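In the working numbering, the protein residues as written are -13 to 149. The beta-carbon is built from N, C-alpha and C at its ideal position, and this holds for glycine as well. Predicted, not measured: the structure shown is a model, and the values here were computed from it.
Right under this line is the structure:
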């Protein structure tokens, strides 16, 4: 991978805290590095109408009005299909070691557990991301849309990897 990154911001939203209550914060660690911690209290039944998508926005300036969609994205699809195709490769690969997310193996078997998911001092490993990315600022958005809409957004600055 020709790049590295620094977490700048972590935002979470829920359209209904009674169904999915979320909170997140950045925490300073050694040498100015920031890590993210979050809590997702999942209280609703995800079904065949629940959708998920992953969007990546990019800009070189870091100004809010300059962000545009990047070509890397996962289009909106049924949540269970998203789990089968991307959960282990992206979500679990990045956050499995710092959370209580379940290892679902090769095939997701419903239902998704109604429980509190805890993410503690996470720094995504980004192992399954592109090897080459333009330098600049990125917003990675994971959206779950169904009975409630939940969005996780991580903002990061991408810079050349120090060899």
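Residue i: first and last residue of the uninterrupted alpha helix (DSSP H) it sits in
i	result
residue 65	65 to 68
N-terminal and C-terminal residue of the beta strand (DSSP E) that residue i is part of
i	result
residue 20	20 to 28
residue 11	6 to 14
residue 37	37 to 45
residue -9	-11 to 0
Close beta carbons around residue i, own chain, < 8 Å, minus the five adjacent residues each side
i	result
residue 116	58
For residue i: DSSP bridge partner residues
i	result
residue 31	In the DSSP output, where bridge partners are listed per residue, residue 31 has none listed.
residue 134	In the DSSP output, where bridge partners are listed per residue, residue 134 has none listed.
residue 128	40 and 138
Close Cβ partners of residue i (< 6 Å) along its chain, the five nearest in sequence each way excluded
i	result
residue -8	143
residue 38	65, 68 and 130
Residue environment, residue i, which counts as buried when at least 16 other CB atoms sit within 10 Å
i	result
residue -4	buried
residue 138	buried
residue 141	buried
residue 132	buried
Residues near residue i in its chain [Cβ-Cβ closer than 7 Å; skip 5 each side]
i	result
residue 75	114
Original post:
Taking only runs of the beta strand (DSSP E) that begin and end inside the stretch 87 to 122, which ones reach a length of at least 3 residues, in chain order?
Top reply: 102 to 108
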